[in-house]
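Heads up, the sequence shown is in the numbering used here, so the first residue is 475 and it goes up one at a time.
C-beta atoms are modelled at their ideal positions from N, C-alpha and C, and glycine is treated no differently.
Fair warning: this is a prediction, and the values are worked out from it, not measured in the lab.
One structure is given here, and the rest of the page talks about it.
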Amino acid sequence: MEQSKIKLNLGSGDKPLEGYVHLDAKFGDTVWPIWRRDGDETYGDGVDEIRASHVLEHFPHGQTLHVVKGWVSKLKPGGILKIAVPDLDKIIEARSNGNDPKIEGYLMGGQCDEYDFHKAVFDEQGLRGMMEQAGLVDIKPWTSEIADCASLSVSLNLMGTKPCGETFAEMNYRTVRAVQDGPHGQPYPPESIPAAETLQSIWTALKQRRRNIYSQFGEDGAIKAIFEAIGIKNEWCLEVGASDGILFSNTRQWVEQGWRAILIEKDPVLFARLTANTAAHRHNLIYENIEIGTEAPNSLDAILAKHSAPKDIDLLSLDIDGRDYHVFNAMLQYHPRVVIMEYAIEGDAERYFGTDFIPPHAGKGQAGRNAVVRLLCGKGYKPIAISQSNVIAVRGELTGRLRAWADKQLTADSGQAVLDDGKTAEDCRSKFDNAARFGQMPCILKPHTETLLPVTDQDYIPMPEVKPPKPDKVEVRVAAVMSVPRLTHTNNAASMFATIKKLGLQCVPGQGVFWHHVLTRQIEDRIRDGYEILIAVDFDSWFLPGHVMRLLELLVNTPQADAICAVQCQREHELPIMAIHDESGLPVQHMPRRWFEAALTPIHIGHFGLTAFRATCFAKLERPWFRDEPDPNGSYRDGRKDADVAFWGNFERSGCKLFMANEVNIGHLQEVCTFAGPAATNWKPHHVYLRDLNAGQIPAHCDPAYRIISPTRKE
């Protein structure tokens, strides 16, 4: 016998609904915390449905998100939350039409008793974002079945579903080292869950098929393997954030095989390159130079309907740098068979927000890994691979085919997948690392369909090593920009210009009274000349060609980065020139060493000693790029904001991302006073900063004892 469902009608008033438990403050109940007047009943977390019609607006606006999260906590996995509130946009429209006498009541409440006062306002984007923040998926409108406030013309009615916890139990995070203890959470699901083994064979097999043709972290090989397992149904794909159609594309290999593709890119410069780079396949392509959104006509549902795409296109790839979560959650009419969805770059979301982080609409940040996985699970998908920046998932009903395919791929004795040539990934491991580096000049790997590009080995990425390729190279236009004084460090200048010349970089140093004026003109001129990457260099930096090459390699291979700086020590200080801000915008004082174990660390303030910029990022910045500010007293003492610090604030506010390359450590020339050590140490030199020297801080053995001798005068 089926157990009866628990359905709560919060704020029911005198409008009862059959099959619901009715709670209302005027009867002595509380709707949050949920408590019935006739008993201490809080319902635990086993509620099937909560209906809250015109209740939420009665809570203070600072508490509404907390209340919604509380309601969601009472739902069982798969449970539904229905919310109805007055719609501010509809109220404003009704006021402008001047034909509704109840405007005050809609906005402020009827005020007929102590409970009937409104303390918060909502529009659709705000309520949808709040429900997403609470972890709900498949958020969509609903219609009231009775004549209550939810049936009013000014009512905003949205419902969402709580993701199924059972789906997570199938995720074997033991094989994905990326999903472990972080600064904000605990690993889950627990290793004790038996169902966690069910996708192990799929992950193991896909790990051995990791390879790049055009993708970044082996996604091309994994996706190809997935379609080998589940079959290709309609040869349709859609890519949001298609970039130039080549670099890190997850759909290019299928475009070349004649698939019908919708390619969406909002940046006009990249869009022009996209159309040029895909001209040979134009007859099968649909281009959209728009910013994707959650509402028609720019939602995924609207775009797919506009172009008469099948309801279950084969492949969807999302790379929107922050809006992926909301855009996919708003997709209700179409159900792609395979989805690739970006999450916050490894370390970034964990450090600042946590892997469960869901960004507010039009807010800062990108959804964390766990949040993306939950969303996919809640919409009926099974995440089967997680790369360094993407989650790959398939429709739940297709995992059986994948498991059968994976079992055939794995050898009985080693558990390794056998590659196309009969060798396992272990056979080519020794050749792998050397092949993963660029050559002598800055370049982008230009792959061919038959060429497999290497992917740097990451234990936590469930995709495999591959045979080393022999890729062609496409040069990137790179120029150095720098401001120099009339007098400079001669030896350093000779070394620096020799390095720049050896790399073949264009560099015409500028001079002037104000360094930031000079640097602004330098950047403007190089952008006008068509350079794609600009390297800022300071006259007191010391570096080698390898430092520059590694910076370029990292920037080319990290699409999330707008700029990457080297590690450089502060003048007369033991720490590098950098700062990381907390959520309130203040510098973090204590930074764990693990933050700097990866190749790149997201930072908020950098330097111009040796920093590689994408030329396109400067178009996003507010003018002037460098704006110094005096202290609150109008002077330039403590509390001032120098031009370089102001630049990095502008950089962050404009949505640009800065990283520090932890393995690119350059020198910083500065003046010191050197003393010979004691003879017992073979006169080992002691170096003292000029700041300390002027403060009288010299080595103890260099401050001799003496007694004053009074001179005598000869009579």
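Using a threshold of 9 Å, state whether the C-beta atoms of Lys636 and Leu562 are closer than that. Not in contact: Lys636 and Leu562 (Cβ atoms no closer than 9 Å).
Rounded to whole angstroms, what's the CA-CA distance from His535 to Asp597? Just pull it up for me. Going by the C-alpha atoms only, they are around 13 Å apart.
Under the DSSP definition of a beta bridge, which residues are partnered with Ala1040? The bridge partners DSSP lists for Ala1040 are Ala1135.
Three-state secondary structure assigned by DSSP to Leu926: The pLDDT assigned to Leu926 is 30, lower than 50, so where the model puts this residue is not dependable; a value taken from the coordinates is nonetheless given after this. Three-state DSSP puts Leu926 in coil, outside helix and strand.
Starting from Asn483, follow its DSSP beta bridges and name the residues at the other end. Within the DSSP bridge table, the entry for Asn483 names His496, Arg525 as partners.
For Gly986, collect the residues of the same chain with a Cβ closer than 6 Å to its Cβ; drop the 5 residues on either side in sequence, then sort them by chain order. Hits under 6 Å: Val992.
At 3 residues or longer, and completely inside the stretch 828–873: list those beta strand (DSSP E) runs for me, N to C. Those beta strand (DSSP E) runs which fall completely within the stretch 828–873 and span 3+ residues are 855–860, 864–869.
What distance in whole Å lies between the Cβ atoms of Ala1010 and Thr1085, which are believed to be in contact at a cut-off of 8 Å? The beta-carbon distance between Thr1085 and Ala1010, rounded to whole angstroms, is 5 Å. This is short enough to meet the 8 Å contact definition.
Rounded to a whole number of angstroms, what is the C-alpha to C-alpha distance between Glu531 and His592? Each residue's alpha carbon lies about 5 Å from the other.
Can you check which of these residues, Trp1016, Asn1156, Arg797, is closest to Leu774 by C-alpha distance? The residue among Trp1016, Asn1156, Arg797 with its C-alpha nearest the C-alpha of Leu774 is Arg797.
Can you tell me whether DSSP reads Glu531 as helix, strand or coil? The three-state secondary structure of Glu531, taken from DSSP, is helix.
Of the residues Ile1051, His757, His1142, Thr749, which one's Cα is nearest the Cα of Asn763? Thr749 is the residue among Ile1051, His757, His1142, Thr749 whose C-alpha sits nearest the C-alpha of Asn763.
Using only CA atoms, which one of Pro1159, Gly715, Phe701, Gln1044 lies nearest to Gly1222? No information on residue 1222 is available, as it lies outside the stretch 475 to 1189 that the chain covers here.
To which residues of the same chain is Lys785 closer than 6 Å at the C-beta, ignoring the five residues directly before and after it? Result list for Lys785: Tyr808, in chain order.
Using three-state DSSP, classify Pro1061 as helix, strand or coil. Collapsing the DSSP output to three states places Pro1061 in a strand.
Simplified DSSP assignment, three categories, for Cys423: Lying before the first or after the last residue shown, residue 423 is absent from the chain, which here runs from 475 to 1189.
Identity of the residue in Gly579, Ala624, Ile557, Val546 nearest Leu610 by Cα: The shortest C-alpha separation from Leu610 is found at Val546.
Pro1098 versus Ala1117: straight-line alpha-carbon distance, rounded: Cα to Cα, Pro1098 sits roughly 10 Å from Ala1117.
Can you find at least 3 beta carbon pairs, one from the stretch 679–689 and one from the stretch 717–734, that sit closer than 8 Å? Yes, since at least three Cβ pairs between the stretch 679–689 and the stretch 717–734 fall closer than 8 Å, the two stretches touch.
Let me check understanding here. Comparing Cα to Cα, which of Ile794, Leu790, Ala804, His755 lies closest to Pro771? Among Ile794, Leu790, Ala804, His755, the Cα nearest to that of Pro771 is on Ala804.
Pick from Pro507, Glu588, Leu737, Cys623: whose alpha carbon is nearest that of Asp488? Taking the Cα of Asp488 as reference, the smallest distance to any Cα among Pro507, Glu588, Leu737, Cys623 is reached at Cys623.
Please list, in chain order, all residues of the same chain as Met1065 whose beta carbon is under 8 Å from its beta carbon, the five residues on each side excluded. Taken in chain order, the residues that qualify are Ile1054.
So what's His963 in DSSP terms, helix, strand or just coil? Three-state result, His963: coil.
Would a C-beta distance cut-off of 9 Å place Ala1035 and Leu1132 closer than the cut-off? With contacts defined by Cβ atoms closer than 9 Å, Ala1035 and Leu1132 form a contacting pair.
Starting from His1142, follow its DSSP beta bridges and name the residues at the other end. Within the DSSP bridge table, the entry for His1142 names Ser1015 as partners.
Just reading off the alpha helix (DSSP H) that Asn751 is part of, what are its end residues? Run containing Asn751: 742–751, per the alpha helix (DSSP H) assignment.
Under the rule that 16 or more other beta-carbon atoms within 10 Å means buried, what is Ser1058, buried or exposed? Counting Cβ neighbours within 10 Å, Ser1058 comes out exposed, since fewer than 16 surround it.
Pull up the distance between the alpha-carbon of Ala621 and that of Ser627, whole angstroms please. Straight across, the Cα-Cα distance linking Ala621 with Ser627 is about 11 Å.
DSSP beta-bridge partners of Val714: Answer is Ile738, Leu792.
In the structure shown, what three-state DSSP assignment does Pro490 receive? In this structure, Pro490 counts as coil in the three-state DSSP scheme.
CA nearest to the CA of Leu849, picked from Ala967, Cys638, His1175, Lys838: For Leu849, the nearest C-alpha among the options comes from Cys638.
Is Phe1194 buried or exposed, if buried means 16 or more other CB atoms sit within 10 Å of its CB? The chain is shown only over 475 to 1189; residue 1194 falls outside these bounds and no answer can be derived.
Shortest alpha-carbon distance to Val955 belongs to which of Arg1088, Val868, Glu1048? Cα-wise, what sits closest to Val955 is Arg1088.
Helix, strand or coil for Ser478? Go by DSSP, reduced to three states. Three-state DSSP puts Ser478 in coil, outside helix and strand.
Residue from Ile794, His835, Ser1109, Leu737 whose Cα sits closest to the Cα of Met815: The shortest Cα separation from Met815 among Ile794, His835, Ser1109, Leu737 belongs to Ile794.
Output the distance between the C-alpha atoms of Ile700 and Val952, rounded to the nearest integer angstrom. A direct Cα-Cα distance of roughly 38 Å separates Ile700 from Val952.
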